[in-house]
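Below: the structure, in structure tokens.
The structure is reproduced here in structure tokens:
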């Protein structure tokens, strides 16, 4: 395990989870709740999201093996998925899709269960984050490496929890323009990481 691996994993998960981008969505789905209820909802969502992500961090490669999928093939497929997410971030389609998901949850009167849907799944532990974890689990194969990967997930979700608690201030501080610029910047970074995943997968498949 190298410092580059840790940085790559941190950046990939930070971008796919996008804690800052979740702030306005958290405010939307917890509309009408008081501060204590918001804190409880945010905490529950983080715990559930963490459990889901740890499952894929620990069993990611085993799940692939169960379906007979090689890690190299998943690198290509996962990289393409992450690239699509990056594309949506750059052109602000991902935020719009997340907002639609949040609005559906509210209109369907699921306010009591918003910690599970849509906060924990799919806003926190979404397809992008899960795909990234499965990809990263191939590099973080040993017990210490897996522990480090889980630690990275825990740190990012701790940051997400803090942002949930301070959601009103964060949203007011960044404003719509700030969120837009940050989302596009993170999208460009994610697109580069996605291309690297695809390139590594293609290289491994070609050598096989």
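Residue numbers (full-length UniProt numbering): 1 to 208.
Note that beta-carbon positions come from the ideal geometry of N, C-alpha and C, so glycine has one too.
Keep in mind it's a predicted model, so treat the numbers as computed, not measured.
To the nearest angstrom, report how far apart residue i and residue j are at their CA atoms.
{"i": "residue 168", "j": "residue 26", "result": "9 angstroms"}
{"i": "residue 69", "j": "residue 47", "result": "29 angstroms"}
{"i": "residue 90", "j": "residue 22", "result": "16 angstroms"}
{"i": "residue 74", "j": "residue 118", "result": "26 angstroms"}
{"i": "residue 199", "j": "residue 33", "result": "46 angstroms"}
{"i": "residue 92", "j": "residue 148", "result": "32 angstroms"}
{"i": "residue 157", "j": "residue 206", "result": "37 angstroms"}
{"i": "residue 4", "j": "residue 64", "result": "25 angstroms"}
Going by C-alpha distance, which of the options is nearest residue i?
{"i": "residue 194", "options": "162, 119, 120, 135", "result": "135"}
{"i": "residue 2", "options": "140, 115, 113, 150", "result": "140"}
{"i": "residue 162", "options": "137, 79, 40, 73", "result": "40"}
{"i": "residue 124", "options": "9, 88, 13", "result": "13"}
{"i": "residue 196", "options": "180, 31, 78", "result": "78"}
{"i": "residue 31", "options": "115, 92, 71", "result": "115"}
For the putative contact between residue i and residue j, defined by C-beta atoms under 8 angstroms, what is the C-beta separation to the nearest angstrom?
{"i": "residue 56", "j": "residue 7", "result": "Between residue 7 and residue 56 the Cβ distance is about 21 angstroms, and since that is not below 8 angstroms, they are no contact."}
{"i": "residue 160", "j": "residue 17", "result": "7 angstroms"}
{"i": "residue 150", "j": "residue 52", "result": "Not a contact, Cβ separation roughly 12 angstroms."}
{"i": "residue 81", "j": "residue 127", "result": "7 angstroms"}
{"i": "residue 170", "j": "residue 20", "result": "7 angstroms"}
Would you give the residue range spanned by the alpha helix (DSSP H) that residue i belongs to?
{"i": "residue 181", "result": "167 to 207"}
{"i": "residue 131", "result": "127 to 139"}
{"i": "residue 41", "result": "35 to 66"}
{"i": "residue 21", "result": "19 to 29"}
{"i": "residue 91", "result": "Taken as a continuous stretch (DSSP letters only), residue 91 belongs to no alpha helix (DSSP H), as it is neither H nor E."}
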